[in-house]
Structure formats: structure tokens, C-alpha cells
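Numbering (UniProt numbering), first residue to last: 1 to 134.
Step one of this worksheet: look at the structure below.
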Amino acid sequence: MKVEGKLFWYLVPPFLAFWLLYGFWSGWNEPVGWVGLLLCAGMVGMIGWYIGVTAKTLPATRPEDDRYGHIDQVAGHYGNFAPYSWQPLWLALSGAVVFMGVAIGWWMVVLGMAMLIFSVIGWTYEYFSGPHHV
1 MKVEGKLFWY LVPPFLAFWL LYGFWSGWNE PVGWVGLLLC AGMVGMIGWY
51 IGVTAKTLPA TRPEDDRYGH IDQVAGHYGN FAPYSWQPLW LALSGAVVFM
101 GVAIGWWMVV LGMAMLIFSV IGWTYEYFSG PHHV
């Protein structure tokens, strides 16, 4: 991951150069552009820093970099998937009601947010059943 970190670090100087160029070109009067470019440089730098710090905790050669590695070397827990869950459907419908409410009326946004809260809670606590239910 050292290469990935360096790729992000290599993007910081161009963003800073564009920041200075845009700032001088606009006379520092238009705050959205130069602030946005400065924030982009900062965020790209933060991503590069995080990937660089994470690379130090990994072994010297990652399993995916090993030419003679096997697929089971990177096997691990990827989480679980509920194939028969109805909760994502309710989440999508309530999200659609919220966005439709922006166009129709704010009362519908409030109704959609209530639906959204219940559907997120339902999706979160879907597996809390049996002796450990809430």
C-alpha cells in the first residue's frame, strides 16, 4: 500500500498549484473556488497519510503481491448478507418518499423521514431476535 499512499501524495502539489493559480487569477474574491481547491488538497493529503499509516501495519509483502500466493491467503470474514430481507425495500421506499417530498411538499419530507427512521431501525435490528431481542 505504499504505492497507493504515494499516488495520493503526488496529487497534493497539483491541487496546491491550482489553488494558488485560481486564487491569483480571481483576486481571492471568489471564496468557493479557492477554498474548494484547498480542501481538495487537504483531503487528498489525509487519504494519502491514512493509507501510508495503514501500510506500516501490514506485513512486508501483502498476499495479493505474492506471485506464488493462493486465494485462501486473503480469505477472511466479509460480513453476512440477508438474501430474504425486506428491510432494504422499505429503506429505498422511504428514501424515495423523502426525495419526492422535496418536489411535492415539506409535509411529505417529514413523513418520509419518519418512515426512514423506522426502516433504518428495522434494518439495524433485523437479527436481534430470539433470547437477545430488543
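Every residue gets a Cβ at the ideal spot worked out from N, C-alpha and C, and that includes glycine.
Beta-carbon spacing of residue i, residue j below 9 Å
| i | j | result |
| --- | --- | --- |
| glycine 122 | glutamine 87 | yes |
| leucine 116 | valine 102 | no |
| glycine 23 | tryptophan 34 | yes |
| leucine 38 | tryptophan 19 | yes |
Three-state secondary structure assigned by DSSP to residue i
| i | result |
| --- | --- |
| threonine 54 | helix |
| aspartate 65 | helix |
| alanine 103 | helix |
| alanine 17 | helix |
| valine 74 | coil |
| tryptophan 49 | helix |
Closest residue to residue i among the options (Cα-Cα distance)
| i | options | result |
| --- | --- | --- |
| leucine 7 | Gly52, Leu20, Leu38 | Gly52 |
| alanine 96 | Ser85, Tyr84, Gly79, Ser119 | Ser119 |
| methionine 46 | Pro14, Gly5, His70, Ser26 | Gly5 |
Alpha carbon of residue i to alpha carbon of residue j, nearest angstrom
| i | j | result |
| --- | --- | --- |
| leucine 16 | alanine 92 | 40 Å |
| methionine 106 | methionine 100 | With the sequence shown as reference, residue 106 is identified as tryptophan, and methionine is not the correct amino acid for it. Cα to Cα, the separation comes out at about 10 Å. |
| glutamate 64 | valine 74 | 7 Å |
| alanine 41 | methionine 108 | 39 Å |
| aspartate 66 | alanine 60 | 10 Å |
| valine 44 | proline 31 | 20 Å |
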